Each structure stands twice: as structure tokens, then as C-alpha cells.
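Engineer: This structure is in C-alpha cells; I'll ask about it shortly.
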Amino acid sequence: MTAASLTEVPLKRRLRRAERTRQVKALALVLPLLVFLLFTFAGPIAGMLWRAVDDREVRQVLPQTIAALANWDGKDLPDEKAYAALAGDIQAARAAGTIALAAKRLNYALNGFRTILTSTARNLKAVPEAGTAKETLIKINSAWRERTTWTTIKDAGGPITGFYLLAALDLTRNADGAIVAAPPDQAIYRDIFARTFLISLGVTALCLILGFPVAYLLATLPPGRSNLLMIFVLLPFWTSLLVRTCAWIVLLQSKGVVNDSLLWLGIIDEPLRLIYNRFGVCVAMTHVLLPFMILPLYSSMKAISPAYMRAAASLGAPPLTAFLRIYLPQTLPGIGAGSLLVFILALGYYITPALVGGAADQMISYFIALYTTETANWGLASALGAVLLLATLLLAIVYGKLVQGQPVTGGMKN
Amino acid sequence: MEAGMVTAAPALVRFSSIQKTYDGEHLVVKNLDLDIRKGEFVTLLGPSGSGKTTTLMMLAGFEVPTHGEIYLADRPIKNVPPHRRDIGMVFQNYALFPHLTIAENIAFPLSVRKTNKADVQERVSAALRMIKMETLAHRRPGQLSGGQQQRVALARALVFNPQLVLMDEPLGALDKRLREQMQLEIKQLHQTMGITIVYVTHDQSEALTMSDRIAVFNDGIVQQIDRPDALYEHPVNSFVAHFIGENNVLAGTVETVEREYCRVALAGGGTVTARAVNVSGAGASTSLSVRPERVAIVPDGTVSEGPNRLPARVQNTIYLGDHALAVLDVAGNGEFMVKLQPGAHHSLGHGESVHITFRPEDCLALDPV
């Protein structure tokens, strides 16, 4: 007993020490990449998720107003104190030049708020005397008599808001704080999400239909010829995405190669509209994403011994039966991996739809880019990004569950 | 061969002038004529590249003969696709479907034949009983040992009662002990079920253990087809003598031929009498074949009867448990093996001069190697 415990302790410690050196070494090897990913990937994503709920602009510009509205029940107009606080805040903000910041944020929530705020700031010559703030403000702009004006300010008080996330899902809060559908002119994102998913799904299906036979050929051809074919498959990877997309424009435009050929052959009388519409987007995206489908399919097919098909045939299965019951089920992991890869990549596509799509073919990433670069509405851009990220994660999890549930079974029961 | 055709029981399989080439330049199978009778266990034996596997694949329908016709139950099958040949096949690496359970694997040939469900169930459980694996029915192939996978592959090839079962080196991946056990099991299955089996292997002991008849392939040609004992005792040429069992080779020249026997002057000195099996006549060079167990070692100075007595020098002795081997230098062959009783090797000293004797009928004069 004592002997055992005497030797046990140093042994354990020795083991730990030995393991520790190994672990430190392993960590040192991955550290550069880890740090890189942390700064370029994890950090920005966390920042994006935070911006989707971050709401401190109004609080910074109108701090007293927000404080005064803290206890306001929102049923009637706020009391004189709130009006006085607002007047004070506006004066201070005008002096600091920060009025536009709050005006921009409030305008997202209520169209026209910018005008209300800037006109009030312009016309408010001095801090109103005690007890006359409400009267003064309403005189300057009758909007201060509206309850929604005040609920908008209270809602935008932050520091955390669901406003952008709700907006990304075409929802909003009404004056009573209940979540309701956004007005039709603002309710565009569900359609855009649906369009994004639809295009991605279509591109995935096209990639699968076109990629499956190619992958099969790659996996079954003798090495020499399959290497050559593989180079053709990988060729797009060695060409810039922009170049490939522009090549499609050259091919598909109304005076492009395809239309000219069809006209010359007499198949059509006037040029078909092949680009700047959904068709062009799907064609170009399928072309760009095809290798991502072919490669996982190829690797899963390469692992399937030709002996299986021979065995199936010797056991009496006609070629189609053997394919459906023996070959196809074994390629399911490849189909799953390829489809997931293509689908997720397609969800985030930006350049290709932007170049070869029409206005009705822009995907969610276009709008994210629009809000970040054009209108600087970081909150909404982040919220759209967060929703996209969440949907993608959900899909990946569902796929993981499906794959885990049935390792390589195709669900074919005898 | 011709006599065989006349007296044979009806042939289930008949290869008729089969030729096969892959590249259009050289023949992998050169003019094969082979009959396999119903209920027979025939082994195609030969080194790799001898055409045995190609022959099996042509029978299974995975390769098409370049010339000739294959008949199965008197029906030409050259243009019948594999799935309509009704031939069960056991593959080298079993080829069990990894995504199906053991029971589903065995049920596969039945379900593709649209057998009704109750029947399938019954026959699958009978097959599982036969291979003693009822409890593993719902495992997947990856969870089984090599021997178990082998049994499943066997059950799957037999469950639909094919008229012919082909086996392509099915025991190649198993260890020696398991391989020997499976050889006996397959042989027993063959006897109890009365099925016709065509078996391909490069392992001559496997072929000897299991087969009714063995076709020895070399260079795309069937060198000899016969019962195992006949192949061992009466090989028609040096290749067969060398490929089946252990064999000592002595090179020499034929001096005289007298009916069945001939006198051969050995290249390394000395003259022996041998059975003239495959020699063209006096003056021809020949290879003598002597089995290690047909040779006796006599101490120097002893007088012994018989025409075949050669001086030898002991190179080495090898103890092998159930027997021992003496490696001798005889007439220029430094690896002449003689089988000894275990224990007898103690009396032979390294470098000792001895004499060997063997009967003329145990020494075959064959074509030169």
C-alpha cells in the first residue's frame, strides 16, 4: 500500500510532465494559425454578432432623455421632465455636433425622424424655461405630440436591442412593444432570404446532377486519363473568380457567343435573355461551385471497390438495381458533404450574382454589403449576417445529426 | 482428354477453344478447352499471370472471351450478362456490402430476385445457421473478423442455390490456421450440398486439400488437369512437377530409352535410370524430378541394391517438427532436399559424405527446365 502510493505519485507526476511537453509542443505548432484565426475570423464574427444587438448611439447622444424615459409606461405622452431632458440633450448634442448620429439611428426605426430631430435642433434657440419645455417642443414640431415618437426614442435607448434582428426577419415592435410584422415597404428580407436559399438549393441540385457522372468517370477511368480529367475539373480553381464570371458575361450576353451561335443556326430569331437574370446567376454559380461537389463525390467513389458492383451482378442484380442499392448508398456521405459544401458556399455568394444577376437575383450578401459600404447601417448588416450564420449552422448541425444517425446506410431495407 | 470427353458425366461448364487477350498482342488465355462436371470441385491452380483468374472472370461474365464459347448447362453464355448467369461468386476480399447488415447482405441475392419476404427470412436464417452466425445477423461487415466475413460471403453466394459457385482466392487474406479450417469447411459444404465449385488459387496445398480435380495453369495454358494424387504422382511436365509439392531437379542428358525407362547421364556426374515421361529420345536434354520423401540416405561405404545411387554431401539439416529435411549437394544441385524421420537429422554431420538412392519409378525424366 505505502510502496504503491510512494511510487504512484512520482509516476503520475512524471507522466503529466511528459504529457505536458508534448502538449506544449503541439500547441506551439498550431499557435500561429490559432492566433491568426482568432484575429481574422473569430474576432470579426464576434464583433458582427455584437453589432447586431448593440444599440448605444441614441443613449450617447440623448442620455438624459433615455434616463427620464426609463420609468415611462408608454401609455400616454411622457411628462414635462422628459421634454425638458430632451431639450437639454438636443442643445448639448448640437453643440457637440452629434445630432446626426442619433438622427440616423432613429430614422431607421421611424421614417422621418431625422427631420423631426434636425428641425427641432435648428429651431430650439435656447433651453426652454422650466415647465415650458413640452409646449416649446410641440410648437417647433408637432411630432413631439405623438406617442410613437417617444416610444421610438425609448426603444432605441439600448444598450442592447432586438431591433435589427427583428428587422432582418421583417418584424418590428409596435408602439405597445409587441412584435408585429413590419410594414410592407420595409418587409423585404424574408423574400431575400427565401431567394438566397432557393438559388443555393438550385445551384446545389445542378452541381449534384452535373457533378455525379463526372465524379464517377474520374473514379473509374484508368489513372492516366482520370488525371487529365481531374486537371480539367481543377482548372477553374486556378482562374480568378472574377475572370470566370466575366467569361460567362461574354458568353451569355445578348450579343454573346451563345446567342450569336443560336441565331446563326437559326434556332432562335432574336437573342435570348441569358444573363442579368436568374438563369445567368445559376449557370455562373454552378460553374464556379462544381469542383466543390465533384471532389467529395470523387473521394467517396474512389473508396468504393469495383468488387462491390461485380458482387452485386454475380448475385443477380441488374445494373440499375446494383447502382441504386449498392453504389448510390455508399456515395451518400460524399453527396452529403458535397451538397453541404456547395450549399453553404452558395448562401454567401456575392460577386457572381452581383455581376451576372438582375435586381431580383441579388442574394442576402449583396444587401449585407450594401448596408456596410453604402448606408453604413452596421446594425442591420450584422443582423442579416447573424441570421445567415445561424441558418447555416442549423443546416450543418442537421446534416451532422443525419450522418451520425446512419453511418453509411442508404436506408435501403430488404 | 479425348477419352475423358467420351466417358464423362454431363459437363455443367464447357470452355471451348477459349482465347483471351487484353491488349491485342499477347494471349492471357491460349486456347482453353476445359470441362467441369456437375457436382465437381475443380481448382484452377497456377502462379499469378497464368490466366486462371481471367478464366474465372470469363466464366462469371466480367470478362468476354476474345475467341471461343463457354457453355453453362449446354447453353452458350458468352453474351449473357453476369446477373443472368445464376452463378454465385465469392470474391478475394469478400466484397460484402459495407452499408448493409449481415442479414441484409445474405438476403440481397434473394431480394433482387423478388423472392417473397417470408421465404427470404426463412432462407436467410437457415444460411445464418449454416455458418453459425445467427447472433451476428444485425452487425455490419466492418464489425466482423476476416473468418466471419468469409463465412458470410460464402453464405451469400450459396443462399440462392446457384447452379455453380465460383471462388476467387477466397482464403488469401486469412492467417494459416484459419485458412486450413476454412478449407475443410468449404470442402464439407461442397460434399453435403452437392454443389459445383470452381476455385481459383495459387496455393498448391490448398488445391490438393480441397479439389476433386485440379487444372494447373501456366502461361495461359492448362498444363495438366487431373486428380490431386495423379498430379503429384504423374506430372506431365517439369512445371507441374515443380508447382505441385516439393521437388528436386537434376539436369541431364538422355543416353538410351528403353520402353518406359531411360538412362540419363547427369550434368553433374553419374548416371541414373528414370521413368521416361516427357523426353523426345536419346540425346535430348532433360530435367529429372525426384520427390524429397522418395529418396533414402545411405551412409558411405554401405552397399545397396538398385541402379540409382549417387554420392552426396550434407549441406545442412532442418528440423520441422513432424519431419526433418536434409539439404544435400547432389550432382551439382546444392539444394537437393531429402525428407527424414524427425530425429534422424542428428546423425548427419555438416559436410559429411553420404550416398542417396531412389527407385527408377520415383524419378521422372521430364522436359528440361
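Those protein sequence lines, which keep their order, are chains A and B.
Residue numbers 1 to 414, in the UniProt record's numbering, belong to the letters of the first sequence in order.
Residue numbers 1 to 369, in the UniProt record's numbering, belong to the letters of the second sequence in order.
Don't be surprised by glycine CBs; every beta carbon is placed ideally from N, CA and C.
Note that this is a predicted model, so its numbers are computed, not measured.
1) Rounded to the nearest angstrom, what separates Gln149/B and Tyr94/B at their Cα positions?
2) Here's the rule: buried if 16 or more other CB atoms are within 10 angstroms of the residue's CB, otherwise exposed. What is Glu258/B?
3) DSSP puts Asn218/B in a beta bridge; with which residues?
4) Mind checking which residues open and close the alpha helix (DSSP H) that includes Gly202/A?
5) Determine the direct distance from the alpha carbon of Asn71/A to that of Trp144/A, and round the result to whole angstroms.
6) Grouping DSSP H, G and I as helix and E and B as strand, with all else coil, what is Leu49/A?
7) If you measure from the beta carbon of Arg20/A to each beta carbon in chain B, is any gap under 8 angstroms?
8) Which same chain residues end up closer than 6 angstroms to Asn123/A when comparing Cβ atoms and leaving out the 5 residues on each side of it in sequence?
9) Between Glu246/B and Ser289/B, what straight-line distance do the alpha-carbon atoms span, to the nearest angstrom?
10) Does the stretch 235–242 of chain A touch the stretch 307–326 of chain A, meaning 3 or more C-beta pairs lie closer than 8 angstroms?
11) Just to make sure I have the definition right: I need the residues of chain A whose C-beta is within less than 8 angstroms of the C-beta of Ile77/B. Which are they?
12) For a test of the three-state rule: what should DSSP assign to Gly97/A, helix, strand or coil?
13) Let's see if you can read the secondary structure: which residues bound the beta strand (DSSP E) around Glu69/B?
14) Counting only C-beta atoms, is Ile87/B closer than 8 angstroms to chain A at any point?
15) Suppose the cutoff is 8 angstroms on Cβ atoms and the five residues either side in sequence are ignored; what does the same chain contact list for Leu229/A look like?
16) Let's see if you can read the secondary structure: which residues bound the alpha helix (DSSP H) around His355/B?
17) Using a Cβ-Cβ cut-off of less than 7 angstroms, give me the residues of the stretch 123–155 of chain B that come near chain A, in sequence order.
18) Can you check whether the C-beta of Gln330/A is within less than 8 angstroms of a C-beta belonging to chain B?
19) First and last residue of the beta strand (DSSP E) that includes Met167/B?
20) Along chain B, which residues have their Cβ under 9 angstroms away from the Cβ of Thr321/A?
21) On the CB-based measure, 16 or more other CB atoms within 10 Å of its CB, does Arg177/B come out buried or exposed?
22) What residues in its chain sit with their C-beta under 7 angstroms from that of Glu2/B, if we drop five residues either side in the sequence?
23) Based on Cα-Cα distance, which residue from Gln341/B, Lys38/B, Asn31/B and Ile225/B lies nearest to Thr54/B?
24) Any C-beta of chain A sitting closer than 8 angstroms to the C-beta of Ala173/B?
25) Mind pulling the chain A residues with CB within less than 7 angstroms of Asn161/B?
26) With 8 angstroms as the threshold, decide whether the Cβ of Pro65/B is near any Cβ in chain A.
27) What residues are listed by DSSP as bridge partners for Tyr354/A?
28) Are the C-beta of Phe336/B and some C-beta of chain A separated by less than 8 angstroms?
29) Does any residue of chain A bring its CB to less than 8 angstroms from the CB of Asn93/B?
30) What's the gap between the Cα of Thr65/A and the Cα of Thr286/A?
31) Over the uninterrupted alpha helix (DSSP H) stretch that includes Ser240/A, give me the two end residues.
32) For a quick check, are the C-beta atoms of Tyr371/A and Ala354/A less than 8 angstroms apart?
33) Taking 8 angstroms as the cut-off, decide whether the C-beta atoms of Thr273/B and Val279/B are in contact.
34) Since I believe Asp79/A is in contact with Pro63/A (beta carbons under 8 angstroms), could you give me their beta-carbon distance rounded to a whole number of angstroms?
35) Can you give me the C-alpha to C-alpha distance between Leu144/B and Asp175/B, rounded to a whole angstrom?
36) Can you find a CB in chain B that lies within less than 8 angstroms of the CB of Arg225/A?
Structural biologist: This is what the structure gives:
1) The residue labelled residue 149/B in the question sits at position 149 within the second sequence. The residue labelled residue 94/B in the question sits at position 94 within the second sequence. CA-CA distance, Gln149/B to Tyr94/B, rounds to 7 angstroms.
2) In the second sequence, residue 258/B corresponds to position 258, counting from 1. In this structure Glu258/B is exposed. Its beta-carbon is surrounded by fewer than 16 other beta-carbon atoms within 10 angstroms.
3) Here the question's residue 218/B lines up with position 218 in the second sequence. Paired residues: Ile221/B.
4) To locate residue 202/A, count along the first sequence from 1; it is residue 202. Note, Gly202/A: alpha helix (DSSP H), Tyr189 to Thr220.
5) As a working note, residue 144/A is residue 144 in the first sequence. As a working note, residue 71/A is residue 71 in the first sequence. Computed Cα separation, rounded: 18 angstroms.
6) What you label residue 49/A is simply residue 49 of the first sequence in a count that begins at 1. In this structure, Leu49/A counts as helix in the three-state DSSP scheme.
7) Counting from 1 along the first sequence, the entry for residue 20/A is found at position 20. Residue contact with chain B for Arg20/A: absent (no Cβ-Cβ distance below 8 angstroms to any residue of chain B).
8) For the purposes of this step, residue 123/A is taken as residue 123 along the first sequence, with counting starting at 1. For Asn123/A, the CB contacts under 6 angstroms within the same chain, skipping 5 residues up- and downstream, are Ile140 in chain order.
9) On the second sequence, residue 246/B is found 246 positions in, with the first residue counted as 1. On the second sequence, residue 289/B is found 289 positions in, with the first residue counted as 1. Answer to the nearest angstrom: the Cα atoms are 10 angstroms apart.
10) In short, these stretches do not touch, since the Cβ pair count stays below three.
11) Mapped onto the second sequence, residue 77/B falls at position 77. Listed along the chain, the chain A residues whose CB falls inside 8 angstroms of the CB of Ile77/B amount to none; the nearest CB is some 13 angstroms away.
12) Taking the first sequence and counting its residues from 1, the one referred to as residue 97/A is at position 97. It is coil, neither helix nor strand.
13) Start at 1 with the first residue of the second sequence, and residue 69/B comes out as number 69. In the DSSP assignment, Glu69/B falls within the beta strand (DSSP E) that extends over His67 to Leu72.
14) Here the question's residue 87/B lines up with position 87 in the second sequence. Cβ-Cβ to chain A under 8 angstroms: yes for Ile87/B.
15) Indexing the first sequence from 1 puts residue 229/A at position 229. Correct list, in chain order: Val214, Leu217, Leu218 and Leu221.
16) As a first step, residue 355/B is located in the second sequence; it is residue number 355 there, counting from the start. That residue, His355/B, is in no alpha helix (DSSP H); its beta strand (DSSP E) goes Ser353 to Thr357.
17) Near chain A, meaning a CB-to-CB distance below 7 angstroms, no residue of the stretch 123–155 of chain B qualifies.
18) Looking up residue 330/A in the first sequence gives position 330. For Gln330/A, the answer is yes, since a Cβ of chain B falls inside 8 angstroms of its Cβ.
19) Position 167 of the second sequence, counted from the first residue, corresponds to residue 167/B. Taken as a continuous stretch (DSSP letters only), the beta strand (DSSP E) holding Met167/B covers Leu164 to Asp168.
20) Here residue 321/A is taken as the residue at index 321 of the first sequence, counted from 1. Correct list: His83 and Val112.
21) The residue labelled residue 177/B in the question sits at position 177 within the second sequence. Flag for Arg177/B reads exposed.
22) Position 2 of the second sequence holds residue 2/B. Low confidence applies here, because Glu2/B scores a pLDDT of 40, under 50, leaving its location unreliable; read the following figure in that light. Sequence-distant Cβ neighbours of Glu2/B in its own chain, meaning closer than 7 angstroms and more than five residues away, do not exist here.
23) Here the question's residue 54/B lines up with position 54 in the second sequence. Per the Cα distances, Asn31/B.
24) Position 173 of the second sequence, counted from the start, is the residue given in the question as residue 173/B. At a cut-off of 8 angstroms between C-beta atoms, Ala173/B does not count as an interface residue with respect to chain A.
25) Reading the second sequence from its first residue, position 161 is the one you call residue 161/B. Correct list: empty, because the minimum Cβ distance to chain A is about 11 angstroms.
26) In the second sequence, counting from the first residue as 1, residue 65/B sits at position 65. Judged by the 8 angstroms Cβ criterion, Pro65/B is not in contact with chain A.
27) Translated into the one-based positions of the first sequence, residue 354/A becomes position 354. The sequence shown places Ala at residue 354/A, not Tyr. For Ala354/A, which the question treats as bridged, DSSP gives no partner whatsoever.
28) In the second sequence, counting from the first residue as 1, residue 336/B sits at position 336. No, because no Cβ of chain A sits closer than 8 angstroms to the Cβ of Phe336/B.
29) On the second sequence, position 93 is the one that residue 93/B refers to. Taking 8 angstroms as the CB threshold, Asn93/B lines the interface with chain A.
30) Here residue 65/A corresponds to residue number 65 of the first sequence, with the count starting at 1. Here residue 286/A corresponds to residue number 286 of the first sequence, with the count starting at 1. Per the coordinates, the alpha-carbon of Thr65/A lies some 54 angstroms from the alpha-carbon of Thr286/A.
31) Looking up residue 240/A in the first sequence gives position 240. Neither: Ser240/A is in no alpha helix (DSSP H) and is coded neither H nor E.
32) Locating residue 371/A in the first sequence gives position 371, counting from the first residue. Locating residue 354/A in the first sequence gives position 354, counting from the first residue. No, the Cβ-Cβ distance between Tyr371/A and Ala354/A is not below 8 angstroms.
33) Counted from its first residue, the second sequence places residue 273/B at position 273. Counted from its first residue, the second sequence places residue 279/B at position 279. The answer is no: Cβ separation not under 8 angstroms.
34) Against the first sequence, residue 63/A aligns to sequence position 63. Against the first sequence, residue 79/A aligns to sequence position 79. Actually they do not touch by this definition, with Cβ atoms about 18 angstroms apart.
35) Against the second sequence, residue 144/B aligns to sequence position 144. Against the second sequence, residue 175/B aligns to sequence position 175. Straight through space, the alpha carbons of Asp175/B and Leu144/B are spaced by roughly 15 angstroms.
36) Your numbering for residue 225/A matches position 225 in the first sequence. With 8 angstroms as the cut-off, Arg225/A does not count as an interface residue toward chain B.
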